[in-house]
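**Q** Residue numbers (my numbering): 1 to 250. Please find one structure pasted underneath; my questions will follow.
Written out as structure tokens, the structure is:
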């Protein structure tokens, strides 16, 4: 009888512990869900990580990534980040993708500003020319829409990068990206000139071009630097001689 009573008490204690433990698991699961939702980009821009005196920088947040785009567009580096490596050290979520299938009709909260302008000697020339290492990380929820036509009907370019020239991009993944452009469009880059790309993956994404080439990874790819030729012709029309060294080698 004593043994039976002891076993009964042990059973009661075990049931009590199980009952009190189960709700805790439920709360823990809910907390993890909230934290994951909070990782979506809030639209802020952070350039504080960039010091200008190093040849390698780590980026781990969407705000820092947006800061990198801002630095490229403002030509913060005198040679378009040539000789500089950008290391992505974490997965990035740019938008909540629950309504991804309807992004063509209703844009998500955050629109991405493509990194690196192709431009020209007059309109501004600062494509990315450094090395971007994705290190196997994924960028989710990229949304780019550059469907306007510029001066004299010049088309826009669209992608995570607008233009890369003499650059290296490796081991980067994209999931649920939406890219639309009036000109060349690609999830990684609208235009690639004399660049090396390896290990880039694109899944569950949509790419559209109104009046240009469109590709899952790259919209338009050139072995030569088309922009240099365009810049020379534009300035030559004004009677100005251009030394290509001013714009770097590809």
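No residue lacks a Cβ here, since even glycine has one placed at the ideal position from N, Cα and C. Since this is a predicted model, take the numbers as computed values, not measurements.
Does the separation of the CB atoms of residue 114 and residue 141 fall below 8 Å?
**A** Contact flag unset, no.
**Q** Inspect the beta-carbon positions of residue 157 and residue 190 and report whether they are closer than 8 Å.
**A** The answer is yes: Cβ separation under 8 Å.
**Q** Measure the C-alpha to C-alpha separation of residue 173 and residue 88 and round it to an integer number of angstroms.
**A** So the two alpha carbons sit approximately 11 Å from each other.
**Q** Quick check: the Cα distance between residue 86 and residue 57, rounded to an integer number of angstroms?
**A** When rounded, the distance between both Cα atoms is 5 Å.
**Q** Check residue 42 in the structure and name its three-state DSSP category.
**A** Three-state DSSP puts residue 42 in coil, outside helix and strand.
**Q** Please return the same chain residues whose Cβ sits closer than 8 Å to the Cβ of residue 46, not counting the five positions on each side in sequence.
**A** Result list for residue 46: 61, 63, 64, 66, 67, in chain order.
**Q** Spatial neighbours of residue 195 within its chain, please: C-beta separation below 6 Å, excluding the five flanking residues on both sides.
**A** Same-chain partners within the cutoff: 164, 167.
**Q** Mind checking which residues open and close the beta strand (DSSP E) that includes residue 70?
**A** Here residue 70 belongs to no beta strand (DSSP E); instead the alpha helix (DSSP H) covers 62-73.
**Q** How many angstroms separate the CA atom of residue 50 from the CA atom of residue 82?
**A** Cα to Cα, the separation comes out at about 15 Å.
**Q** Go ahead and pull the three-state DSSP assignment for residue 113.
**A** In the structure shown, residue 113 sits in coil (DSSP, three-state: anything other than H, G, I, E or B).
**Q** Leaving out the 5 sequence neighbours to the left and right, which residues in its chain are closer than 7 Å to residue 116 when beta-carbon positions are compared?
**A** Counting only Cβ-Cβ distances below 7 Å, and skipping sequence neighbours, we find 72, 126, 127, 128, 161, 162, 163, 164.
**Q** Between the Cα of residue 93 and the Cα atoms of 137, 170, 77, which residue gives the shortest distance?
**A** Of the listed residues, the one whose Cα sits closest to residue 93 is 137.
**Q** Can you tell me which residues form a DSSP beta bridge with residue 100?
**A** According to DSSP, residue 100 bridges with nothing at all.
**Q** Can you tell me where the beta strand (DSSP E) holding residue 172 begins and where it ends?
**A** Its beta strand (DSSP E) spans residues 168-175.
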